Structure formats: C-alpha cells, structure tokens
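In our numbering, the protein residues as written are 35 to 425. The C-beta atom is built at its ideal place from N, Cα and C for all residues, glycine as well. What you are looking at is a predicted structure, and each value in this text was computed from that prediction instead of being measured. Since the structure comes first, as structure tokens, the remarks are kept for the end.
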Amino acid sequence: MPTYRRTDLRFVRGDGAWLHTEAGEQYLDFGSGIAVNTLGHAHPRLVAALKEQAEKLWHVSNLYDIPGQEALARRLCAASFAELVFFCNSGSEAAEGMIKAMRKFHAAQGQSERVTLIGFAGAFHGRTLAALAAAGNQDYLAGFGPTPDGFVQCPDFTMAALEPLIDDTTAGILIEPVQGEGGVRAVPSGFLAALRALCDAKGLLLGFDEVQCGVGRTGKLFAHEWAGVTPDVMAIAKGIGGGFPLGAILTTSAVGACMQPGSHGSTYGGNPLAMAVGLEIMEVVCAPGFLDDVNDMAGYLRQQLSARIDKYPEIFTELRGVGLMVGLKCACENTRLVAALRAEKLLSVPAGDNTVRLLPPLNIAQDDMRAALDAIDRACARLHADIVGDT
Ligand SMILES: Cc1ncc(COP(=O)(O)O)c(C=O)c1O
C-alpha cells in the first residue's frame with residue numbers, strides 16, 4: 035500500500051553507525067531506524083546472540099514457558115520500578131496493552147466506570163485505533179470510522195489545564211516523558227512529579243510511553259528517571275529490540291496482576307529470538323559506564339549544535355530533547371534541512387512542530403560524531419546560501 039512517502043535510497047548493509055546503499059554509497063545513520071538501532075547496525079554481540087538462538091529455537095508460542103522471557107523480565111524489573119512484564123512486538127501494541135491494563139486495574143477494583151485516559155496534545159502512541167484515540171491527532175484518525183471512546187487530551191503540560199479534565203470516569207494519565215513524533219518536546223520534570231502526586235491523591239494510574247525515549251536514549255535507562263518519579267505502567271519498544279521487533283508493557287504487581295489468563299495475549303510476543311536480542315541489549319546498555327558515555331557524547335553533540343544554532347538563525351530556532359534524543363526546531367521547513375543533511379550523507383528524521391530529530395546509535399564513536407558535525411556544517415552552509423538566495 036502507498037502508506038509511506040519513501041526516499042529512494044536502498045540500503046543493503048549496515049555496520050555501526052553507517053549504512054551502505056545498493057549503489058555503493060555510504061550514509062551516516064543519525065536516524066537509527068527512528069530510534070530503534072540502539073547499538074547501530076550489525077553489532078557483533080547482537081548478531082551473535084541472534085545467530086545462537088536461531089540455531090536452537092525460534093518460536094513455540096505462549097502456550098509454553100519461555101525461559102528467555104523470564105530472564106529478560108527479571109532484567110527489566112531489576113533495572114526499573116516494574117514487577118511484572120508482558121512482551122509484545124511493537125510500540126503500538128505496547129501502548130494499546132498499557133491502556134487495557136490501566137482500565138482493567140479499575141474494573142478489577144469494581145470501578146469499571148473508570149475508563150477515561152487523559153493524554154496530551156502532540157503525543158504519539160502508535161497507529162492502532164486506541165493508540166490513535168489516546169493521542170487524539172485528528173489527521174491520523176480521519177477516515178477510520180468511530181474513534182474509541184474514553185480518551186481526552188490535555189492541551190499543555192500544566193496542572194491548570196489538566197485538573198478540570200479529571201472526573202469520576204478517569205482511569206489515569208498517559209504521557210511520553212519526552213514526546214518524540216510530536217517534536218522532541220521534553221516534559222518538565224516538575225510536571226511529571228506533579229502528575230505522580232495527583233495520581234496518588236486521586237487513585238489514578240500513571241502510564242508512561244517510553245517507546246521512543248526509553249532504553250538509554252536520553253542518557254538514563256528510562257527517561258522518567260531524570261524526573262525521579264516512577265509510573266504504574268510503562269510501554270517500551272524500539273530500542274529494547276535494537277532492530278528486532280520487540281515491545282513490552284512493564285507494570286507494578288498491583289496493575290499487572292489484574293491481567294489474568296485470557297485477558298490479553300500475543301502469538302509472537304516474547305518469542306525466543308526477540309528475547310535473546312533484548313537480553314543482550316540490556317546487558318550492553320546496563321553495563322557500567324555505558325550510559326556515562328551516552329551522556330558524554332550527548333553533551334558534546336549538544337554543545338556543538340548550540341554553536342550552529344546561534345550561527346544559523348535562518349535555519350534553526352531551538353535545540354530540544356534529552357541525551358541522544360535530539361530535536362532541532364527549524365526556522366526553515368524541516369524537510370528542507372533533512373534533505374540538505376541527506377545530500378551530505380547524514381540521515382536524520384523529521385518530526386512534528388517543524389522539527390528534525392538526530393537519533394544516533396547510543397554507542398556512537400567520537401569520529402563518527404565529528405563526521406556528523408562536519409556534514410551538518412556543509413549542509414548548513416549550503417542551506418544558508420539557498421535561503422539567502424531565496425530572499
Ligand atoms: C512514543 C511512541 N509510542 C508508540 C509508538 C508506536 O510504535 P510502533 O511504530 O512500533 O508501533 C511510537 C512510534 O514512533 C512512539 O514514538
């Protein structure tokens with residue numbers, strides 16, 4: 035189906051931060067498959083883990099215990115607030131399952147009227163109908179029939195806007211600690227803390243969508259750690275699979291225990307191949323020093339980008355995001371910047387609010403970072419000349 039506006043680049047091989055085309059050109063990948071390739075392409079440890087598992091067992095279904103699921107769930111729980119985990123295959127599924135768990139929790143307490151999830155303007159939770167309804171972006175809902183009930187959106191990150199939306203039907207609050215698709219907008223830490231306090235006071239659940247900002251992307255294992263608050267439920271995907279389709283719902287035991295046999299499921303969710311890769315990602319990302327290096331590289335990149343933003347006010351207006359989840363809000367059209375960077379063999383990803391995302395692999399090498407900055411300089415010089423020529 036013609037669902038994507040694709041660029042006519044055909045990559046056939048990747049190594050580290052580099053992608054190679056059919057035609058023999060190489061590109062520096064600062065898109066990472068939209069925040070997926072945590073360790074770049076063809077990381078030897080991920081390749082070895084996948085190969086080893088591929089020779090043993092691919093799939094058995096959730097009719098049976100899968101040892102890798104127990105191992106990865108234990109790893110995720112040990113490193114987070116979570117006590118129970120459900121594995122699925124994508125971010126949308128994780129978000130959808132999170133919504134179901136949040137509603138089921140209240141139903142199990144005899145409060146089945148509590149179904150409404152409060153989301154936020156600019157959010158993105160995926161393309162299933164409930165995930166679309168939670169984000170409330172009418173452009174994505176148009177033409178797909180009735181929108182599922184039980185979702186409202188708060189227009190901004192303030193208590194003044196949020197509190198009037200809460201009523202007896204409210205089940206909880208759903209938020210990305212750093213909005214990705216919406217324009218790399220970090221939610222103020224104080225607001226996340228206020229949400230936690232509000233949820234505790236009113237018996238609501240707090241659900242974080244860390245599908246894009248989780249698994250080390252912001253320099254902490256999970257972005258909410260920067261705010262010092264924990265959710266009741268969290269959706270992750272993208273980075274936890276490093277390129278292998280994998281998602282998960284992480285919950286407290288109080289929430290997860292409501293999902294009894296029959297209440298949810300997935301044929302492929304948590305299959306042995308995905309578990310082997312997810313476990314290896316966690317081993318690498320949680321190894322001592324790994325996230326320190328992410329923060330060092332992020333600090334360097336941000337400092338360097340700030341200088342370019344000052345130099346080219348006709349191209350950039352603002353540096354956004356946290357860690358290696360970088361957003362460049364543009365003064366020119368964001369697609370123009372993406373194209374200029376691509377012409378200099380640097381891949382980036384457009385986002386909402388006229389923003390461009392830079393999402394390098396978390397293990398990006400210093401030389402590759404410098405190569406990216408050189409490409410940015412060349413693209414900016416070219417774009418500057420074009421823009422000046424336009425006026
Ligand atoms: C925050 C967030 N949630 C959910 C999703 C949906 O993930 P997927 O495309 O894997 O279904 C995305 C994808 O971009 C995302 O950024």
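Distances taken from the Cβ of A220 to the heavy atoms of ligand 1 include none shorter than 6 Å. Rounded to the nearest angstrom, the Cβ distance from I398 to A51 is 6 Å, consistent with a contact under 8 Å.
DSSP places L284 inside the beta strand (DSSP E), whose first and last residues are G281 to T285. A distance criterion of 6 Å places the beta-carbon of V383 beyond contact range of ligand 1, judged by its closest non-hydrogen atom.
Sequence-distant Cβ neighbours of C320 in its own chain, meaning closer than 8 Å and more than five residues away, are R109, A113 and L255. Y334 and S382 have their C-alpha atoms spaced approximately 18 Å apart. Rounded to the nearest angstrom, the Cβ distance from Q172 to G214 is 19 Å, too far for a contact under 8 Å. Counting along the chain, the unbroken alpha helix (DSSP H) around G131 starts and ends at G125 to A142. Counting other Cβ atoms within 10 Å of its Cβ, D49 stays below 16 and is therefore classed as exposed. By the CB criterion at 7 Å, L199 and G253 fall outside the cutoff.
At least one heavy atom of ligand 1 is found less than 6 Å from the C-beta of E210. Taking 3 residues as the shortest admissible run, the region 46-106 contains the following complete beta strand (DSSP E) segments, listed from N- to C-terminal end: 52-55 and 60-63. The beta carbons of M136 and G224 sit about 23 Å from each other, so the pair does not count as a contact at 8 Å. With fewer than 16 other Cβ atoms from the protein chains shown falling within 10 Å of its own Cβ, D424 counts as exposed. Of the other Cβ atoms in all chains shown, 16 or more fall within 10 Å of the Cβ of W260; this residue is therefore buried. L53 is positioned such that its CB atom lies no closer than 7 Å to that of V311. Remark: C-beta atoms of L358 and V328 approach each other more closely than 7 Å. For the set Q294, R251 and A231, the Cα lying nearest the Cα of D266 is the one of A231. If you compare the alpha carbons of P347, D408 and M316 with that of A83, the shortest gap goes to M316. Close CB contacts of L392 within its chain, under the 6 Å cut and outside five residues either way in sequence, are with F64, V360 and S382 (chain order). Short note on H159: C-beta closer than 6 Å to some heavy atom of ligand 1. Annotation for A167: T181, P182 and F185 place their beta carbon closer than 6 Å to its own, counting only its chain and skipping 5 residues before and after. For G312, the enclosing alpha helix (DSSP H) starts and ends at P306 to V319. For L43, the number of other beta carbons within 10 angstroms of its own is below 16, and it is reported as exposed. Between the region 384-391 and the region 399-411 there are fewer than three C-beta pairs closer than 8 Å, too few to call the two in contact. Out of V422, S66 and K379, the CA that lies nearest to the CA of A405 is found in K379. Under the 10 Å beta carbon count, D402 is surrounded by 16 or more other beta carbons and is classified as buried. DSSP places M293 in no beta strand (DSSP E); its state is neither H nor E.
A distance below 7 Å separates the beta carbons of F154 and C188. Taking C-beta atoms as the reference points, G386 and G177 fail to come closer than 7 Å.
G333 carries a helical assignment under DSSP once its states are collapsed to helix, strand and coil. Taking the Cβ atoms as the reference, V318 lies roughly 13 Å from L106, outside the contact range of under 8 Å.
Inter-residue distance for A129 and T150 is about 15 Å (C-alpha atoms, whole angstroms).
Around P222, the same chain offers F191 as residues with beta carbons nearer than 8 Å, after the five sequence neighbours per side are excluded. Around the CB of L97, fewer than 16 other CB atoms lie within 10 Å, so the residue is classed as exposed. Scanning L175, E352 and V356 for the CA closest to the CA of A332 turns up V356.
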